[in-house]
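Here the structure is laid out as structure tokens; the discussion comes afterwards.
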Amino acid sequence: MDSDEILALLMDTAAEVITPRFRSLTSQDIAQKDPGDLVTVADREAEVIITAALRDRFPAAVVVGEEATAADPAIMDAFSSAEHAFTVDPLDGTKNFVEGSPDYAVMVAELRGGRPVRSWIWQPEAALAYVAESGGGVWRNGVRLEPVSPTRAHDTLPRGATSVSLRTAPKGLAALTTPPWSAGMAHLAVLTGQLDFVLFRKDWPWDHVPGVLMATELAGRVGRLDGTPYDPRRRQGWLLSASTTQMFETVRGPLCEALDAGGHDARPTGQS
Numbered sequence: 029m030d031s032d033e034i035l036a037l038l039m040d041t042a043a044e045v046i047t048p049r050f051r052s053l054t055s056q057d058i059a060q061k062d063p064g065d066l067v068t069v070a071d072r073e074a075e076v077i078i079t080a081a082l083r084d085r086f087p088a089a090v091v092v093g094e095e096a097t098a099a100d101p102a103i104m105d106a107f108s109s110a111e112h113a114f115t116v117d118p119l120d121g122t123k124n125f126v127e128g129s130p131d132y133a134v135m136v137a138e139l140r141g142g143r144p145v146r147s148w149i150w151q152p153e154a155a156l157a158y159v160a161e162s163g164g165g166v167w168r169n170g171v172r173l174e175p176v177s178p179t180r181a182h183d184t185l186p187r188g189a190t191s192v193s194l195r196t197a198p199k200g201l202a203a204l205t206t207p208p209w210s211a212g213m214a215h216l217a218v219l220t221g222q223l224d225f226v227l228f229r230k231d232w233p234w235d236h237v238p239g240v241l242m243a244t245e246l247a248g249r250v251g252r253l254d255g256t257p258y259d260p261r262r263r264q265g266w267l268l269s270a271s272t273t274q275m276f277e278t279v280r281g282p283l284c285e286a287l288d289a290g291g292h293d294a295r296p297t298g299q300s
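Residue numbers (the numbering used here): 29 to 300.
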């Protein structure tokens, strides 16, 4: 499947099983995988459709879907050694979707040898399609995006968000905000200049691989707090997405110090 076909798959699936249920869910349509971790009939049906289409065209590839992995964690073992794989987040931002917020997306990424090579983020309510290919840049509704220009005044502190509440405020950074309950939307906020960085506690590959490729193509950096690169096949927690390599290094130290000094509250403040 070429890039346009996969984008069409996401758009058609959303139109078929997701958007008709937006602001029309019943209590029977919503369940909890874990306390506070919601799933809807739209998540499940969308993943089945997208996964089936990818497996039909790429029978040798491992397809890692959020809902399938919740039911069978062993899928991650196959993903960790797969030469060719896809990640599927059928409804990124389920909490937003349930609450009637338009800030949700359908996301897919393709990996070769564990390296992201193509990714797609479709926002149905905003009618925005982000598409990236390794070495080919990032495109939004057919228009190529450029890296965010560093236009901040020297006395303006870096603006960021974190998906948990830090007990100790990081020094030298503006007050941290809460990212949307959607990892994909949070990555987009960084690569479009709304935020300088986002710190995530969870690092599930379907949440991050699409945005990681886009950040990389736009001269951003996503990695671990110890400075090592992000490997989607290894779950280590704490993932930092920043608009530039310089921004990554600027904020990494204060965030590490804040975590070492006071830790964080267990209850997440954002990110699906």
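All C-beta atoms, glycine included, are put in the ideal place defined by N, C-alpha and C.
Quick caveat, the model's predicted, so the values are computed rather than measured.
Query                                                                                                                : Result
Length of the line joining the Cα atoms of aspartate 211 and arginine 140                                            : According to the sequence as given, residue 211 is alanine; it is not aspartate. If I take the Cα positions, the gap works out to 22 Å.
CB-CB length for alanine 289 against valine 279, believed under 8 Å                                                  : Rounded, the Cβ-Cβ distance is 16 Å, inconsistent with contact.
Distance, arginine 195 Cα to aspartate 71 Cα                                                                         : 33 Å
Length of the line joining the Cα atoms of tryptophan 167 and aspartate 224                                          : 20 Å
N- and C-terminal bounds of the alpha helix (DSSP H) containing glutamine 60                                         : Here glutamine 60 belongs to no alpha helix (DSSP H); instead the beta strand (DSSP E) covers 58-62.
Helix, strand or coil at aspartate 30 [DSSP, three-state]                                                            : coil
Own chain partners of alanine 286 with C-beta closer than 7 Å, once the 5 adjacent residues on each side are dropped : Leu194, Thr196, Ala197 and Pro198
Residue closest to valine 91, alpha-carbon to alpha-carbon, out of Ile77, Thr115, Ala81 and Pro101                   : Thr115
Rounded separation between arginine 249 and serine 177 - CA only                                                     : 15 Å
Three-state secondary structure (DSSP) of leucine 173                                                                : coil
Collapsed DSSP secondary structure at threonine 205 in the structure displayed                                       : strand
Beta-carbon proximity of threonine 41 to isoleucine 77, cut-off 8 Å                                                  : yes
DSSP three-state assignment for aspartate 288, whether helix, strand or coil                                         : helix
Inter-stretch contact (C-beta, 8 Å, three-pair minimum) for the stretch 257-272 and the stretch 228-243              : yes
When Thr68, Leu82, Ser55 and Pro144 are compared against leucine 38, the one with the closest alpha-carbon           : Leu82
Local Cβ density within 10 Å of threonine 79, reported as buried at 16 or more and exposed below that                : buried
Where glutamine 151 sits in the DSSP three-state scheme                                                              : strand
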